[in-house]
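Chains as they are written, first to last, in our numbering: chain Y, 1 to 219; chain V, 1 to 219.
Quick reminder that beta carbons are idealized off the backbone N, C-alpha and C, glycines included.
Here's the structure we're looking at; comments come further down.
Number of protein chains: 2
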Amino acid sequence: MPDVPVPGRPVRVVLVDDEPLVRRGLALILDAEPDLEVVGEAGDGAEAVALVRRLRPDVVCMDVRMPEVDGIRATELVLRQPAPPKVLVITTFASDDHVVDALAAGASGFLLKRARAEEMVQAVRTVATGQSLLFPEAVRALLRPRRRTARHDGPPLTPREQQVLALVGQGMTNAEIAAELVLGVETVRTHVASVLAKLGARDRTQAVVIAYRTGLVEP
Amino acid sequence: MPDVPVPGRPVRVVLVDDEPLVRRGLALILDAEPDLEVVGEAGDGAEAVALVRRLRPDVVCMDVRMPEVDGIRATELVLRQPAPPKVLVITTFASDDHVVDALAAGASGFLLKRARAEEMVQAVRTVATGQSLLFPEAVRALLRPRRRTARHDGPPLTPREQQVLALVGQGMTNAEIAAELVLGVETVRTHVASVLAKLGARDRTQAVVIAYRTGLVEP
DNA sequence: GCCCGGATCACCCGCGCGGGGGAGGAGGCG
DNA sequence: CGCCTCCTCCCCCGCGCGGGTGATCCGGGC
């Protein structure tokens, strides 16, 4: 499996994009390289799966945004086949939050549409060798812990209440919190009661559970 | 910044490895490419930082296992400089759990020592363009949810105690737990007391905190 | 056989906690 | 100026909780 222009056996590529013009453009770029060979094109996820099954390419360049079956789902289906190809996902925005889904589906890498032609050529070669190719934003997204998007939707907590909840989330008693924040115990009790009411918690233990689950406090 | 052999301006590389022979070998591999140029070598993390500061290379190939300052720490220091180079970490085993640490430190990619020469050349070109290069195992490691390796080290919990702790972690009262497990409240109290003692918790709230932090219960 | 750990249930005591209600001061807004 | 939110502090009451101690039963190990 050569990764430099030594056409002992060219890397066979299938392009998947719902825009015929984009497909042809990409095909021209890749076919200009002697070690790359575009063997097929598909304009839809389902079409792509059938094509891959028949042609058995080494790499599939897959657009995420497609009608009917999208790129993520198509990636899953393609990789479910025996001896599956590598999938290089092509996306428009780096901030696209589909990166995690695509990687979980088994994609080998990402390529931004604003990439230059040589970058795309090299990306295909890279994933063909079994390496994974990401852009730095994707790596950062992966490093960032899974944020619960299910934030608390009820009444918002005041700064003081958040502060108290954070300490409750450390397992502190009201007296300890009072000492920590230099407050009267009664004040802390008021804040805690307020937090419980806003979170819909029965006691501080439930408040801690909710706080951890919704990401209101850091572990 | 060409990523194909067009030496308009070669990619300047610094090699960091505590083994002089390995350094020279890698240098020969990279210098054979017209678009790559090894401008310096370091055998130690501290040395590497100084060298990078002086030479301002485009890419640093960094071994993880080094005496004194290891590759991870060295990566942090190197990237703290203004206009830092890309860092390609070289490691022996894919199962190495330093991948997350290295990426968090800002490394652009990984290369296995068992990679072939052409793969290394291409890896350097890839990270030079700003892309991130990983091996699939690393991606899987990133996708895997952060498991607290810091498990509880004290006395182990009995199955029943784990069960009770799980329900305590749902915010249930002793009476509710008793109803759920079809037990007497007193029995639940005994189990809870046992859990508190084993976890070193003062009350059920602290137990919940510890349970969440150590991964004893799932959110 | 005996002993040990797990699971089950029981009683008493002290206290932190949560609910309810009240109250005053600081600061923002129309 | 009133009106509001937020922060602060106070009292009373009931109860769930945790500590301490003890009991019974069962299964397993030496």
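Using 8 angstroms for Cβ pairs, my map puts residue i next to residue j. What's the rounded Cβ distance?
i: residue 45(Y); j: residue 83(Y); result: Contact flag wrong, Cβ pair sits at about 20 angstroms.
i: residue 201(Y); j: residue 185(Y); result: Contact doesn't hold; Cβ gap of about 20 angstroms is too wide.
i: residue 88(Y); j: residue 143(V); result: Their Cβ separation, rounded to whole angstroms, is 18 angstroms, which puts residue 88(Y) and residue 143(V) out of contact at 8 angstroms.
i: residue 38(V); j: residue 27(V); result: 4 angstroms
i: residue 128(Y); j: residue 58(Y); result: 5 angstroms
i: residue 168(Y); j: residue 207(Y); result: 6 angstroms
i: residue 41(V); j: residue 23(V); result: 5 angstroms
i: residue 133(V); j: residue 109(V); result: 3 angstroms
i: residue 92(V); j: residue 122(Y); result: Contact flag wrong, Cβ pair sits at about 26 angstroms.
i: residue 13(V); j: residue 124(V); result: 6 angstroms
i: residue 85(Y); j: residue 60(Y); result: 5 angstroms
Taking the beta strand (DSSP E) that residue i belongs to, which residues open and close that run?
i: residue 69(V); result: Here residue 69(V) belongs to no beta strand (DSSP E), and DSSP marks it neither H nor E.
i: residue 62(Y); result: 59–63
i: residue 42(V); result: 36–42
i: residue 87(Y); result: 86–91
i: residue 112(V); result: 109–112
How far does the alpha helix (DSSP H) with residue i in it extend, from its first residue to its last?
i: residue 133(V); result: Note, residue 133(V): premise wrong, no alpha helix (DSSP H); beta strand (DSSP E) at 132–134.
i: residue 211(V); result: 204–214
i: residue 118(Y); result: 117–128
i: residue 25(V); result: 20–31
i: residue 45(Y); result: 45–55
i: residue 13(Y); result: Per DSSP, residue 13(Y) belongs to no alpha helix (DSSP H); it is in the beta strand (DSSP E), 11–16.
i: residue 163(V); result: 159–168
i: residue 103(V); result: 98–105
i: residue 189(Y); result: 185–199
i: residue 179(Y); result: 174–181
What in chain Y is Cβ-close to residue i, meaning under 8 angstroms?
i: residue 88(V); result: Result: empty, since nearest Cβ-Cβ is about 12 angstroms, beyond 8 angstroms.
List, in chain order, every chain V residue whose beta-carbon is nearer than 7 angstroms to that of residue i.
i: residue 104(Y); result: 143
Please compile the residues from chain Y whose C-beta is within a distance smaller than 7 angstroms of the C-beta of residue i.
i: residue 219(V); result: 212, 213
Open item on the list: Against chain Y, which members of the stretch 116–138 of chain V pass a CB distance test of less than 8 angstroms?
Closed with: 118, 119, 121, 122, 123, 125, 126, 129, 130, 131, 132, 133, 134, 135, 136, 138
TODO: Mind checking the stretch 181–208 of chain Y against chain V and listing, in chain order, the residues whose C-beta falls within less than 9 angstroms of any C-beta there?
DONE: 201, 202, 203, 204, 205, 206, 207, 208
Open item on the list: Counting beta carbon pairs with one atom in the stretch 155–163 of chain Y and one in the stretch 104–118 of chain V, are three or more of them shorter than 8 angstroms?
Closed with: no
TODO: Kindly confirm or deny that the stretch 197–216 of chain Y and the stretch 50–68 of chain V touch, where touching means at least three C-beta pairs closer than 8 angstroms.
DONE: no
Open item on the list: Measuring CB atoms only, is the stretch 194–209 of chain V touching the stretch 159–171 of chain V, in the sense that at least three cross pairs come out at less than 8 angstroms?
Closed with: Output reads yes: the stretch 159–171 of chain V touches the stretch 194–209 of chain V.
Open item on the list: Output needed in chain order: residues of the stretch 146–178 of chain V with a Cβ under 9 angstroms from some Cβ in chain Y.
Closed with: Taking 9 angstroms as the upper bound on Cβ-Cβ separation, chain Y lies near residues 146, 148, 168, 169, 170, 171, 172, 173 of the stretch 146–178 of chain V.
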